[in-house]
Structure formats: structure tokens, C-alpha cells
Amino acid sequence: MNEIKNLTIKEALPWLGGYFCILLLDTALAVGIWRRAGNPLSDWMNLGTMLVSAFLFFRLLTVKAPWILHPIKKISVKGIILALLCAFLFYLLLDNCLDPFFDSLFPASREAYQDTLLSLARAPLPSLIHVCLLAPAAEELLMRGFLLQGLKHTYKPVTALLVSALFFAFFHFNMVQTLSAFICGLVLGLLYLRTGSLLCCVIAHGGYNLLSFFTAILPLTGTGAW
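Each residue of the sequence shown is one higher than the one before, starting from 259 at the first, in our numbering.
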């Protein structure tokens, strides 16, 4: 069994930077190639590109840090209940309270976020897979499985929690999403520290995204868009 090794922020930065570059590459391909192609399969090709790039990145990461997969096996009924409660908490607190407030503070970010929602609404099914499955799994594996799990063996838990939440927020680009993501990162980090389960974090993250998808994105889709 692979021992969990102490991870420093300096050691984590190249991997975080690498994943950030992958996100930029995926975005560049989506905007520069797939959206311009005008092919009915373009959105699926875009999703396939993201799946392949994520798989290759995490294949390399698990060679370097195989211990990030340890908490995937841990799951309990109590943990699942906590995860579902977190998903509903995120939806009630962020989508219905804080996000509208943040929108009023950063109107430019709000407009950019609305453009993103409209883009996702053009291809609901690939977007659903991306937003509710791929993104939560990849982000939790990186932020909680790798970063938080590794840092808490080097620093105090509160330091590891704050650092992982800050990086999680940074990876969301848009200012409104960044502020909300920092709060999510703190709660998801606490959920991981409480349950020791990466799957619980994926359920909470994916569950929240699913609620947001059906309330914010689905209403923007046209009839027959699926």
C-alpha cells in the first residue's frame, strides 16, 4: 500500500499549474475549433477532448502520487447524507443568496457568467456530463484528493484547508464564481476532513452542480436541444 507523503505548496504548484494549462487548452480548443466547426458532433468532440486531457493528467499524477486514490474507497451512509445536505446548502446559500449579491458587485463578471450559461445551454447533454460528472470528479481528485490530503500531512489542517480552497477558487476564473467557489472549497474541504471520503466530496460537488444545472441552464435550452 502506498504511503501518503508529505506535500508542500512548492511541490504542489507544478501540478496545479499543469492542470490550469490543461483548462486553458480545453477552453482554447472549444472556442477556436469546436464552436466554429458548426458540426452537430462538435460538442461531443469537445467533451471527448476534455475527457482525454483529464485522463492523461491524472494518469501522470497517480504515478507521482498514487495515494490520492486512497480516499475514493471510503464511503458511508452518514457521509452520503452529509454530502447531499452540503449540495442543498450550496444551492440555497449561493444560488439564492450570495451569488445575486456578488452579481451586483461585479456586473462584468455577471455578464461573462451568463454567456457561459448560454454556451452550456446550446448542448445540454454534453454540458450535463461535463458540469455534473467530469468537472466535480476531476476537481475533487485534484483539490481534495491530492492537494488537501497531501498538505494536511505537512501543515496544520486549517492551513491545508485554506490553501486548497484558495486554489479551488482561483481555478474558476470568473470573479462571481471565484468568491462562491472559495466558500464551496471550504465546505468541501471540511466534508473531506470529516468523512475522509473523496466520493462524498464528488457527490456534494456534483449534486450542487446538478441542482444549478436544472435551475439555471435547463431553462435556457430550446425545445429539442437535447
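Cβ atoms here follow ideal geometry from the backbone N, Cα and C, with glycine treated the same way.
Rounded to whole angstroms, Val416 and Leu478 show a C-alpha spacing of 40 Å. The shortest CA-to-CA distance from Val289 to any of Asp301, Phe315, Val434 is the one to Asp301. Sequence-distant partners of Leu400 (beyond 5 residues in either direction) whose C-beta falls short of 7 Å from its own C-beta, in its chain, are Tyr277. Contact annotation: the segment 390-400 touches the segment 449-469, with at least three C-beta pairs closer than 8 Å. With fewer than 16 other Cβ atoms from the protein chains shown falling within 10 Å of its own Cβ, Gly275 counts as exposed. In its chain, beyond the 5 residues on either side, Arg402, Leu406, Leu419, Ser422, Ala423 have a beta carbon closer than 7 Å to the beta carbon of Gly447. Counting only the Cα atoms, Phe360 lies some 32 Å from Gly454.
Each residue's CA atom was taken as its position, placing Arg380 and Ile326 some 35 Å apart.
Within the same chain, and ignoring the five residues on either side of Glu269 in sequence, no residue has its Cβ closer than 6 Å to its Cβ. For Thr436, the secondary structure class from DSSP, reduced to helix, strand or coil, is helix.
Spatial neighbours of Ala345 in its own chain (CB-CB distance under 6 Å, excluding positions within 5 residues in sequence) are listed in chain order as Ala462, Gly465, Tyr466. When Leu265, Thr436, Gly337 are compared, the shortest CA-CA separation from Leu457 is found for Gly337.
DSSP, reduced to helix, strand and coil, places Asn297 outside both helices and strands of the structure shown, so it counts as coil.
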